[in-house]
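Quick note: the sequence shown uses the working numbering, first residue 2, plus one each step. Glycine included, C-beta positions come from ideal geometry on N, C-alpha and C. Presented below is the structure to which this report refers.
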Amino acid sequence: YRNVPYHNFFHAVDACQTIRTFIFDGKLQDFLTELECFVLLITALVHDLDHMGLNNSFHLKTDSPLGILSSASGNNSVLEVHHCNLAIEILEDPKSNVFIGLDAGNAKLAYRGLIDCVLATDMARHNELLEDFTKATPTLSKDNAEHRTFAMKMVMKAADISNVTKPFAVSKKWAMAVTEEFYQQGDKEKASGVDVLPMFDRSANNELAKGQIGFINFICIKYFTAIATAFDGLQWTIENVQSNLERWKSEVAH
Ligand code: LLI
Ligand code: ZN
């Protein structure tokens, strides 16, 4: 992990420990296999490896080498493919291969689960997963391998956007960190002469509260409602999201 404001090692460890809480509180040990729970924890640690603090759109619009590779190979999940490649490189080193004790069949399941979950963290695929999972929810079965994969992706992504489920003071620190990372990207975009979205422009007078209210309303409420509906014991996530939303609203009113 690099020394960037948001997508650094603390974000990976935060996602890992948050997944641990979601697995326990959501009783996911009863739904997923022991191997799948283990894979989720490892995936969280690798899911943003070598993040440069610049999003997929930056790589594509500035024609960075990784962006060019993505365009040439036809997969626009620029960073997510890069995180997977580095995860594989680390795991294939016997010194750090936590999958080494698995037989060939389970090793394949572990890598496939890890890769599916890292690729699912691309927000460009957010609505697709949420729709598929919501459709499967009424008949969700642990005997259905596809349903277990949906659940793994949902939990990985829930941890990835879990800042808004934390106590307000903690949530606010993450929000300030992501803001600074977006602004540093915007600075680089200005220097490269490409378009800068207002959210990435430090001279745009963005209000932190308004940014978080938008993120919560457009993405997080639906998402945590879906996961809390499917898994008992995760109701507190949506309650905390609602209470953080109210706190941000009261800041705007002032
Ligand atoms: C946050 C935030 O606040 C990450 C990132 C990403 C979530 C997962 C990478 C993967 C996009 C950004 C989400 C574009 C879709 C809609 C807009 C947003 C509001 C954003 C934590 C993110 C993570 O707050 C704690 C992420 N966003 N997205 O792809 N913002 C932005 C602020 C700057 N300040 O309050
Ligand atoms: Zn992440």
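Nearest residue (CA-CA) to residue i, options the options
| i | options | result |
| --- | --- | --- |
| F183 | F32, F39, L55, G194 | L55 |
| D104 | S72, M153, L36, H83 | L36 |
| H52 | H148, A13, E181, M124 | A13 |
| D161 | S251, H8, R3 | H8 |
| A170 | N245, N206, N4 | N245 |
| N207 | R248, G187, T226, K191 | G187 |
| T122 | C85, G102, A146, G106 | C85 |
| A125 | N76, K143, A192 | N76 |
| Y224 | L209, I24, S163 | S163 |
| M200 | S193, A231, G194, Q185 | Q185 |
| V195 | T34, D64, I43 | D64 |
| A210 | S193, N57, M177 | M177 |
| A231 | V119, A159, L141, K167 | L141 |
| T34 | D144, W175, S58 | D144 |
Cβ pair residue i, residue j closer than 7 Å
| i | j | result |
| --- | --- | --- |
| I239 | A229 | yes |
| F100 | A88 | no |
| V40 | G114 | yes |
| V242 | I214 | no |
| F109 | L130 | Phe is not the amino acid found at residue 109; the sequence shown has Lys there. Contact: no. |
| V79 | H60 | yes |
| G234 | G27 | yes |
| V197 | E190 | yes |
| A73 | A45 | no |
| V165 | C221 | yes |
| A205 | T135 | no |
Residue i CB to nearest heavy atom of ligand 2 below 6 Å
| i | result |
| --- | --- |
| D161 | yes |
| D49 | yes |
Residue i: first and last residue of the uninterrupted alpha helix (DSSP H) it sits in
| i | result |
| --- | --- |
| P139 | Element bounds for P139: n/a, residue is neither H nor E. |
| A16 | 10 to 26 |
| H48 | H48 -> no alpha helix (DSSP H), and no H or E assigned at all. |
| K96 | Per DSSP, K96 belongs to no alpha helix (DSSP H) and is neither H nor E. |
| L246 | 236 to 254 |
| S193 | 169 to 193 |
| F216 | 209 to 216 |
| R126 | R126 -> no alpha helix (DSSP H), and no H or E assigned at all. |
| I228 | 222 to 231 |
| A146 | 146 to 161 |
| N164 | Looking at the DSSP string, N164 is not in any alpha helix (DSSP H), and its letter there is neither H nor E. |
| F59 | 57 to 62 |
| G68 | 66 to 74 |
| I89 | 79 to 92 |
Proximity test, residue i beta-carbon vs ligand 1 heavy atom, cut-off 6 Å
| i | result |
| --- | --- |
| G68 | no |
| M157 | no |
| G212 | yes |
| T180 | yes |
| W237 | no |
| A88 | no |
| M177 | no |
| F183 | yes |
| N164 | yes |
| F151 | no |
| M53 | no |
| F23 | no |
| F216 | yes |
Residue i versus residue j - alpha carbon distance
| i | j | result |
| --- | --- | --- |
| F10 | M157 | 16 Å |
| T22 | Q30 | 11 Å |
| N107 | R149 | 15 Å |
| G102 | E252 | 52 Å |
| G68 | R248 | 39 Å |
| V5 | R203 | 17 Å |
| E90 | K96 | 11 Å |
| I20 | I116 | 17 Å |
| P139 | S58 | 35 Å |
| Q18 | S71 | 31 Å |
| K250 | Q236 | 22 Å |
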